[in-house]
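Everything below concerns the one structure shown next.
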Amino acid sequence: MNRYSIEDEPSNLDEMPLMMSEEGFENDESDYQTLPRARVLQRQRGLGWFLCGGWKVLCGSCCDCLYHMCRRKKELKARTVWLGCPEKCEEKFPKNTIKNQKYNVFTFVPGVLYQQFKFFLNLYFLVVACSQFVPSLKIGYLYTYWAPLGFVLAVTVVREAVDEVRRYQRDKDMNSQLYSKLTVRGKVQVKSSDIQVGDLIIVEKNQRIPADMIFLRTSEKTGACFIRTDQLDGETDWKLKVAVGCTQRLPAVGDLFSISAYVYAQKPQLDIHSFEGNFTREDTDPQINESLSIENTLWASTVVASGTVIGVVIYTGKETRSVLNTSFAKNKVGLLDLELNRLTKALFLAQVVLSVVMVALQGFVGPWFRNLFRFVVLFSYIIPISLRVNLDMGKSAYGWMIMKDENIPGTVVRTSTIPEELGRLVYLLTDKTGTLTQNEMVFKRLHLGTVSYGTDTMDEIQSHIIQSYAIGTSQPSSSTSGSTPSRKTQTSGPKVRKSVSSRIHEAVKAIALCHNVTPVYETHAGVNGETESAEADQDFSDDNRTYQASSPDEVELVRWTESVGLTLVNRDLTSLQLKTPSGQILSFYILQIFPFTSESKRMGIIVREESTGDITFYMKGADVAMASIVQYNDWLEEECGNMAREGLRTLVVAKKSLSEEQYQDFESRYNQAKLSIHDRALKVAAVVESLEREMELLCLTGVEDQLQADVRPTLELLRNAGIKIWMLTGDKLETATCIAKSSHLVSRNQDIHVFKPVSNRGEAHLELNAFRRKHDCALVISGDSLEVCLRYYEHEFVELACQCPAVVCCRCSPTQKAQIVTLLQQHTANRTCAIGDGGNDVSMIQAADCGIGIEGKEGKQASLAADFSITQFKHIGRLLMVHGRNSYKRSAALGQFVMHRGMIISTMQAVFSSVFYFASVPLYQGFLMVGYATMYTMFPVFSLVLDQDVKPEMALLYPELYKDLTKGRSLSFKTFLIWVLISVYQGGILMYGALVLFESEFVHVVAISFTALILTELLMVALTIRTWHWLMVVAEFFSLGCYLASLAFLNEYFGIGRVSFGAFLDLSFITTWPFLWKVSAITLVSCLPLYIIKYLKRKFSPPSYSKLSS
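Quick look at the structure:
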């Protein structure tokens, strides 16, 4: 990894520690992974650590070691691939199969069970249920334990199996796609999974490329074709790829087998934007060598957009770029589930203590150990298995509600296990292009130094262009060779000021020529013959022309030149044609093209005009790169600043006229540099830079990237809700800062601290200290500087960045985005959410606690990988403020209520056992226990998922309410203890009340206590509810009805223990007054105090939300 390639500084920095915690500077190179905190923890590892979870860590690391030993990765090597001869490969390469499945036939059941039973809750139920097979421990019926557990497991296994089958089906479809393979005997159909390194594969238009290939031939006359890469890098624009010259020139396809040639390819790597290789043909006398670069490659998972291509396969299966770049999604577990898991451990402890107390009160007589275990099983209702069932069903209900919400149409919930996370977020990490912006460019401003044109004055430019070309047609010498007179005047006497008209003409012509845009014509009939004849007639009709380029800015610039009268009508590898307003066609030969790179920040092109033979070098780029290249001027810097403040992307355009001798000299040096093997890139750059001197500045353009609908109010809402927003983008620093201002990510009055580029430890140290002194300012940092800071001062940097109101990271790679997410999770222990719309955001979305994908122009990759998929950025406000809030509040209430339901019955069991000389006999029969957890109380308790404390409008109007949720107060040890006290109080009252009031008819104690228990539960649900819904009322009455009906029919269950003392419940007894008033009295005593306390609490210390709703 390149993370360690930066040279370490000498350790003289230890004399000047950062103004922060001193720990973490004990050794000079603080390694990337070891945080200062981790080092402190390592010293304290001992028995306590082992017991409190250290065993888990140790087991985990042992399993990991075994796993890696079993699946030791083969080292990736560079290779020589002979055309059409897979058998000549001495290495064995991986099969070309796509495999997205998590499990196989053998690992499915163990894998799913492990995922379930790694939670304490489920493991506990499994142990209790298994204990029922031991006769001496058996209490009640087996089905009371196994039915709920079986149900939970069955649902999970079926859900996983369905997902797995879908994945398998998708993979199978991909692997069995048929492709044509060229052999000596002609074409053969092969499955995608049978393709080998060295095969020659034919890929038709709109077909997916099955493996990484070198592009040898195409049916297009130009020797180049377009491919769509949206599944690889998330960009929707087409990329131009060029066939290898030697093979493209062969007369027929079959001749590929008559030559002896091979490709040397570097070893497989992650970077999809670079490739180095060579093509060698041996059977000619001086053997032909061609250098191969990224433009000769066709990566797997891209789609051919024009023509038919033939390529030789160089990487297959696991070694393709697309597979190397995919990260496997982790199983996400919500914070609420982890908190409940902690509470169940506490409950388990209480249960064991209670059992020990019972056995101690018996006096440890007889087989006390067996009795202890029987008590543990008796009290197992303290941790109700219905907790998992209720919560899982609740999560599904929230997902359904989110998808049915008409205010956020098109929202899809893909992971149903974490809707509560939406209510706990502290950090939101967002992509820029396509998420905050629409990725739609609009040309706004053209500045020529003395005069500036905006959207309302474009017609003036148009009239100047029409005028200059009208003169041009009558006197061809003066205008079509617009550069000639100027060159003469420059070389002879002093510089002559040009008229505004000629300067506009020069600027527009430069913008129309300096780009890598290709016009594409849609054929109506789709027959090749017709397109060729159309091209022969030069029929470039405007209505079916579209432009393709690798960046939307370029397309917008060419569209703009079309709107003012200079139209790009045709382009291939060697020439391009422009159409003037009068319909005349101007032809130019492309001599050289220097593509845009993130290092150079500029692109150039050398063209020769056909009619005059003039050679001109045009260049455009970012102001930082171009300022030193163009001739001295006094306006460029100031105007660039003005445009940036308006939120426009700026490009500086310049030109230089070359004589024939100058160009020939340049060309020979350039070709020589291109063939060198060592430092090729540096040598080529040096040759090009020799041209980039004293260029004539033509103009400055400003293009606006439009923001998505309602981005500003949404970001404002999120900021008020206490969510910190970080923007992670692959874009340039200038553009990123621009959008941060225009979207109000950084508010108007805030300072922005741009972190200077740092490359070593000393620089990082000084820059961090400078940043410390700033207060309340937004941070803008580039990916490279971030890498250096994280390497030496990870802990300090994160601590500082987390105090900023907003952070912008630009030039981030996809893996770096994911790294930042993981970093925030480790250092702050807060919940993170990532939102993006392209394939390059997938790893960030998968790393975050909650991933949101937007279905955008960049394809559906991000929305398919995300937990939640939305159609517009503005929907995130409602998703978090309303649905996040409700899901968390409801799940917290539901979880605690289900626990309360279990604790009440366990308290009653404890009281019952203590009255009956601590006998480990169950109070209620198996059927009653199952009925209690299901029929009698399930619906009212589950109806809590319809409860809401604040109306949606209120939650959106006062986003500050969201801050309370992130503190996690709805479900904490404090609220949990309150519920425990309520349960113990109610359980005690119900049981003692039943025993005290029914001295005489002791046999009826079960009927009375159980009836009172059901009534108490129903009243408690009513007490907990904050907003009534008609379904809640139905549920309450339905459950009561069910209970009364079962009293009549299931009377034999209302006895005590296994022996029902020979007395069945008689209907005559239930209908007597004493029964009714005694039950009512017990219920009243157990519930009334709680109602009074609740009323007083609402009156004297109401929660923040109730102040609003009143």
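Numbering of the sequence shown is given in this note's numbering, commencing with residue 1 and proceeding in unit increments.
Each residue gets a CB set at the ideal place from its N, CA and C atoms; glycine is no exception.
This one's a predicted model, so the numbers in the text were calculated from it and none came from an experiment.
With DSSP run on the structure shown, which of helix, strand or coil describes arginine 693?
One-based indexing of the sequence shown puts residue 693 at position 693. Of the three classes helix, strand and coil, the one that applies to arginine 693 here is coil, per DSSP.
Can you give the Cα-Cα distance for alanine 78 and lysine 88, rounded to whole angstroms?
Against the sequence shown, residue 78 aligns to sequence position 78. Against the sequence shown, residue 88 aligns to sequence position 88. Spanning the two alpha carbons is a distance of roughly 15 Å.
Mapping DSSP to helix, strand and coil, what is isoleucine 585?
Residue mapping note: residue 585 aligns to position 585 of the sequence shown, counting from 1. Strand.
Any idea if cysteine 130 is buried or exposed, counting beta-carbon neighbours within 10 angstroms, 16 or more meaning buried?
Translated into positions along the sequence shown, residue 130 becomes position 130. That one is exposed.
Between which two residues does the beta strand (DSSP E) containing valine 520 stretch?
Walking along the sequence shown from the start, residue 520 turns up at place 520. Its beta strand (DSSP E) spans residues 518-521.
Going by other Cβ atoms of all chains shown within 10 Å of its Cβ, with 16 needed for buried, is glycine 254 buried or exposed?
Indexing the sequence shown from 1 puts residue 254 at position 254. The residue in question, glycine 254, is exposed, as its Cβ has fewer than 16 Cβ neighbours within 10 Å.
By Cβ distance, which residues of its chain are closer than 6 Å to isoleucine 1092, with the 5 residues on each side in sequence left out?
Numbered from its first residue, the sequence shown carries residue 1092 at position 1092. If we look at isoleucine 1092 and ignore the five residues flanking it on each side, it has no Cβ neighbours.
Check whether the region 1031-1046 and the region 939-946 touch, using three or more Cβ-Cβ pairs below 8 Å as the test.
Enough Cβ pairs lie closer than 8 Å, so yes.
Taking phenylalanine 912 as the reference, which of Gly993, Arg969 and Ser943 has the closest Cα?
Taking the sequence shown and counting its residues from 1, one reaches residue 912 at position 912. Per the Cα distances, Gly993.
Which value, in whole angstroms, describes the spacing of the CA atoms of isoleucine 982 and lysine 432?
If you number the sequence shown from 1, residue 982 lands on position 982. If you number the sequence shown from 1, residue 432 lands on position 432. Separation of isoleucine 982 and lysine 432 (C-alpha to C-alpha, rounded to the nearest whole angstrom) is 50 Å.
Helix or strand or just coil, what does DSSP make of lysine 92?
Here residue 92 is taken as the residue at index 92 of the sequence shown, counted from 1. Lysine 92: coil per DSSP, three-state reduction.
Is phenylalanine 873 helix, strand or coil by DSSP?
In the sequence shown, residue 873 corresponds to position 873, counting from 1. Looking at phenylalanine 873 - three-state DSSP - the assignment turns out to be coil, as it is neither helix nor strand.
Cutting at 7 Å between CB atoms, please list the residues of its own chain near lysine 601, excluding the five before and the five after it.
Position 601 of the sequence shown, counted from the start, is the residue given in the question as residue 601. Cβ within range, chain order: Gly621, Ala622, Val624 and Ala625.
Take the Cβ of asparagine 749 as the centre, count every other Cβ of all protein chains shown within 10 Å, and call the residue buried at 16 or more, exposed below.
Here residue 749 refers to the residue found at position 749 when the sequence shown is read from its first residue. It counts as exposed.
Are there three or more Cβ pairs, one per stretch, closer than 8 Å when the region 339-354 is compared with the region 291-303?
Two segments are said to touch when three or more pairs of C-beta atoms, one from each, lie closer than 8 Å; by this definition the region 339-354 does not touch the region 291-303.
Leaving out five residues on either side along the sequence, give the residues of the same chain with a beta carbon under 6 Å from the beta carbon of lysine 95.
Here residue 95 corresponds to residue number 95 of the sequence shown, with the count starting at 1. Cβ neighbours of lysine 95 beyond the five flanking positions: Gly317.
Hey, alanine 305 and arginine 249: beta-carbon distance below 8 Å or not?
In the sequence shown, the residue the question calls residue 305 occupies position 305. In the sequence shown, the residue the question calls residue 249 occupies position 249. No.
Our contact map puts glutamate 639 next to leucine 700 with C-beta atoms below 8 Å; I'd like the distance itself, whole angstroms only.
Translated into positions along the sequence shown, residue 639 becomes position 639. Translated into positions along the sequence shown, residue 700 becomes position 700. Contact holds; Cβ gap of about 6 Å.
Measuring CA to CA, which of Glu339, Gln819 and Tyr145 is closest to arginine 791?
The residue labelled residue 791 in the question sits at position 791 within the sequence shown. Of the listed residues, the one whose Cα sits closest to arginine 791 is Gln819.
Are the beta-carbon atoms belonging to threonine 435 and aspartate 867 less than 8 Å from one another?
The residue given as residue 435 occupies position 435 in the sequence shown. The residue given as residue 867 occupies position 867 in the sequence shown. Cβ atoms of threonine 435 and aspartate 867: not closer than 8 Å.
Note down the Cα distance separating serine 291 from tyrosine 670, rounded to an integer number of angstroms.
Reading the sequence shown from its first residue, position 291 is the one you call residue 291. Reading the sequence shown from its first residue, position 670 is the one you call residue 670. Roughly 14 Å separates the two Cα atoms.
Relative to the alpha-carbon of threonine 822, which residue among Val798, Val808, Gln803 and Asp392 has its alpha-carbon at the smallest distance?
Here the question's residue 822 lines up with position 822 in the sequence shown. The residue with the shortest Cα to Cα distance from threonine 822 is Val798.
Taking C-beta to C-beta, are valine 517 and valine 558 nearer than 8 Å?
Walking along the sequence shown from the start, residue 517 turns up at place 517. Walking along the sequence shown from the start, residue 558 turns up at place 558. A distance below 8 Å separates the beta carbons of valine 517 and valine 558.
Go ahead and label leucine 1134 buried or exposed: buried means 16 or more other beta carbons lie within 10 angstroms of its beta carbon, across all protein chains shown.
The question about residue 1134 has no answer, for the chain in this structure spans 1 to 1110.
Compute the Euclidean distance between the alpha carbons of arginine 185 and tyrosine 262, then round it to the nearest angstrom.
The residue given as residue 185 occupies position 185 in the sequence shown. The residue given as residue 262 occupies position 262 in the sequence shown. Approximately 20 Å between the Cα atoms of the pair.
Applying the criterion that 16 or more other CB atoms from any shown protein chain within 10 Å of the CB defines a buried residue, is lysine 853 buried or exposed?
For the purposes of this step, residue 853 is taken as the residue at position 853 of the sequence shown. It is worth fixing the name first, because residue 853 is glycine in this sequence and not lysine. Glycine 853 comes out buried.
Is the Cβ-Cβ distance between cysteine 810 and serine 782 less than 8 Å?
The count along the sequence shown starts at 1 and reaches residue 810 at position 810. The count along the sequence shown starts at 1 and reaches residue 782 at position 782. Their beta carbons are under 8 Å apart, which means cysteine 810 touches serine 782 by this criterion.
Which term fits leucine 361, buried or exposed, when burial requires 16 or more other beta carbons within 10 angstroms of its beta carbon?
Position 361 of the sequence shown, counted from the first residue, corresponds to residue 361. Exposed, since its Cβ has fewer than 16 Cβ neighbours within 10 Å.
Check glutamate 562 in the structure and name its three-state DSSP category.
Reading the sequence shown from its first residue, position 562 is the one you call residue 562. Three-state DSSP puts glutamate 562 in a helix.
Return the first residue and the last residue of the beta strand (DSSP E) that aspartate 751 is part of.
For this step, residue 751 is matched to residue 751 along the sequence shown. That run of the beta strand (DSSP E) goes 751-754.
Indicate the three-state DSSP secondary structure (helix, strand or coil) for cysteine 699 in the structure shown.
As a working note, residue 699 is residue 699 in the sequence shown. The answer is strand: DSSP assigns cysteine 699 an E or B state.
From isoleucine 606 to alanine 709, what does the alpha carbon distance come to, in whole angstroms?
Numbered from 1 along the sequence shown, position 606 holds the residue referred to as residue 606. Numbered from 1 along the sequence shown, position 709 holds the residue referred to as residue 709. A direct Cα-Cα distance of roughly 41 Å separates isoleucine 606 from alanine 709.
Tell me whether the region 868-875 and the region 407-426 touch, counting them as touching only if at least three CB pairs, one residue from each stretch, are closer than 8 Å.
yes
Are there three or more Cβ pairs, one per stretch, closer than 8 Å when the region 380-387 is compared with the region 890-905?
yes
With a cut-off of 8 Å on the beta carbons, I'd call isoleucine 314 and valine 197 a contact; round off their distance for me.
On the sequence shown, position 314 is the one that residue 314 refers to. On the sequence shown, position 197 is the one that residue 197 refers to. Isoleucine 314 to valine 197, Cβ: 6 Å. Contact.
For a quick check, are the C-beta atoms of isoleucine 402 and histidine 883 less than 8 Å apart?
For this step, residue 402 is matched to residue 402 along the sequence shown. For this step, residue 883 is matched to residue 883 along the sequence shown. Their beta carbons are under 8 Å apart, which means isoleucine 402 touches histidine 883 by this criterion.
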